[in-house]
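In the numbering used here, each number is its position in the sequence shown, counted from 1, plus 21. Even for Gly, the Cβ is constructed at its ideal location relative to N, Cα and C. Written below as structure tokens is the structure these notes are about.
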Amino acid sequence: MGGSCIVECPSRGHRERSRLQRRPEKALCLALKGSWSASGDYDLPISVEKCIYDPKSKDDGVRVLVMRFWPRGIKKGKVDLWYREVGTSKDLIKAWKAGEITWREFRKQYIADLKDEGKQKIIRELAERARTQKISLLCGCHEPETCHRTILKEQIEKV
Numbered sequence: 022m023g024g025s026c027i028v029e030c031p032s033r034g035h036r037e038r039s040r041l042q043r044r045p046e047k048a049l050c051l052a053l054k055g056s057w058s059a060s061g062d063y064d065l066p067i068s069v070e071k072c073i074y075d076p077k078s079k080d081d082g083v084r085v086l087v088m089r090f091w092p093r094g095i096k097k098g099k100v101d102l103w104y105r106e107v108g109t110s111k112d113l114i115k116a117w118k119a120g121e122i123t124w125r126e127f128r129k130q131y132i133a134d135l136k137d138e139g140k141q142k143i144i145r146e147l148a149e150r151a152r153t154q155k156i157s158l159l160c161g162c163h164e165p166e167t168c169h170r171t172i173l174k175e176q177i178e179k180v
């Protein structure tokens, strides 16, 4: 099992506290502006609080649109990257919005959909980016609690 220990941060050359679970190479540097969770794990600097329709800010870091379809009325300059592949499928989002499935079922189906190798590659790319800079995952949902961005963030943090 894992435990708390001190590790050398390869990018900055200083030592940090990290709770490790069989993968010490995943230890991260606090200077990346992430944070330590209550369980002692390091949280990557990934934000899901903003909607694509919210104003752009310097604090957003890299703005990553994670919707399958481009949102109506949004100019291309409002995002830095667009990964449509990790957006929800048309059928899944339609079933959720129509109330045909619960949030729990939506979550289960979306996670299963993310198992695709192409989507796993994108998740790994986002995790690598989050290790060096803050990223904001964006879509049209206003409530992050019931948005696929929250699920996607969890999957990125598992990498």
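Could you tell me which residues DSSP puts in a beta bridge with residue i?
{"i": "VAL100", "result": "Answer by DSSP bridge pairing: none, since VAL100 is not bridged."}
{"i": "SER68", "result": "SER157"}
Would you call residue i buried or exposed, if buried means 16 or more other Cβ atoms sit within 10 Å of its Cβ?
{"i": "ALA133", "result": "exposed"}
{"i": "TRP117", "result": "buried"}
{"i": "PHE127", "result": "buried"}
{"i": "HIS169", "result": "buried"}
Would residue i and residue j qualify as a contact pair, given that the criterion is a beta-carbon distance under 7 angstroms?
{"i": "ILE156", "j": "VAL85", "result": "yes"}
{"i": "VAL100", "j": "GLN154", "result": "no"}
{"i": "ILE67", "j": "TYR104", "result": "no"}
{"i": "VAL180", "j": "ARG145", "result": "yes"}
My output table needs one value for residue i: the three-state DSSP class, helix, strand or coil.
{"i": "ASP134", "result": "helix"}
{"i": "ARG84", "result": "strand"}
{"i": "ARG152", "result": "coil"}
{"i": "ALA119", "result": "coil"}
{"i": "PRO124", "result": "Sequence inspection shows Trp at residue 124; the Pro mentioned does not correspond to that position. TRP124 falls in the helix class under three-state DSSP."}
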